[in-house]
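To keep things clear, I will list the structure first and then write my remarks on it.
Residue numbers (mature numbering (1 follows the signal peptide of the UniProt record, and there is no 0)): -29 to -1, 1 to 94.
What follows is the structure, given as structure tokens:
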């Protein structure tokens, strides 16, 4: 082969391109399972739920609390028209947004600061 590094570069580019396409497909597939603002309100507001280690409670008055064995947090939340729920921690002022999805018979959510999905178990 006359330009072996070029063909390796091309192969790497093709692999990265395909991974990018797969990520786009995953995102659009998730959007089909994404909860609306009304669904988030009816499913997660006014009832306790957990991601496996701690318990969340989004109250109807716009306040929230989170408790686990290591910490607790309190603050306020808002649900945007697109269904994204954002909290503001009363002590630190840190803002965190959650996007909820159906996941089989249950739910999961995207945690924007951790940049990962977590399960959401209703109690």
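Cβ coordinates follow ideal geometry from the N, Cα and C atoms, glycine included.
Short Cβ contact (8 Å threshold) for residue i with residue j
| i | j | result |
| --- | --- | --- |
| residue 90 | residue 33 | no |
| residue 36 | residue 42 | no |
| residue 1 | residue 69 | no |
Straight-line gap, residue i to residue j (C-alpha atoms, nearest Å)
| i | j | result |
| --- | --- | --- |
| residue 38 | residue 64 | 17 Å |
| residue 5 | residue 18 | 19 Å |
| residue 15 | residue 93 | 8 Å |
| residue -11 | residue 86 | Caution applies to residue -11, whose pLDDT of 44 falls short of 50 and renders its modelled position unreliable; the model cannot decide the point. |
| residue 67 | residue 77 | 22 Å |
| residue 9 | residue 45 | 23 Å |
| residue 40 | residue 51 | 30 Å |
| residue 47 | residue 12 | 14 Å |
Residue i: first and last residue of the uninterrupted alpha helix (DSSP H) it sits in
| i | result |
| --- | --- |
| residue 13 | 8 to 15 |
Any non-hydrogen atom of the ligand ZN within 7 Å of residue i CB
| i | result |
| --- | --- |
| residue 31 | This structure lacks the ligand ZN; in fact it carries no ligand of any kind. |
Beta-bridge pairing of residue i - partner residues as DSSP gives them
| i | result |
| --- | --- |
| residue 53 | Partner(s): none; residue 53 has no beta bridge. |
Boundaries of the beta strand (DSSP E) in which residue i is found, first to last residue
| i | result |
| --- | --- |
| residue 21 | 19 to 21 |
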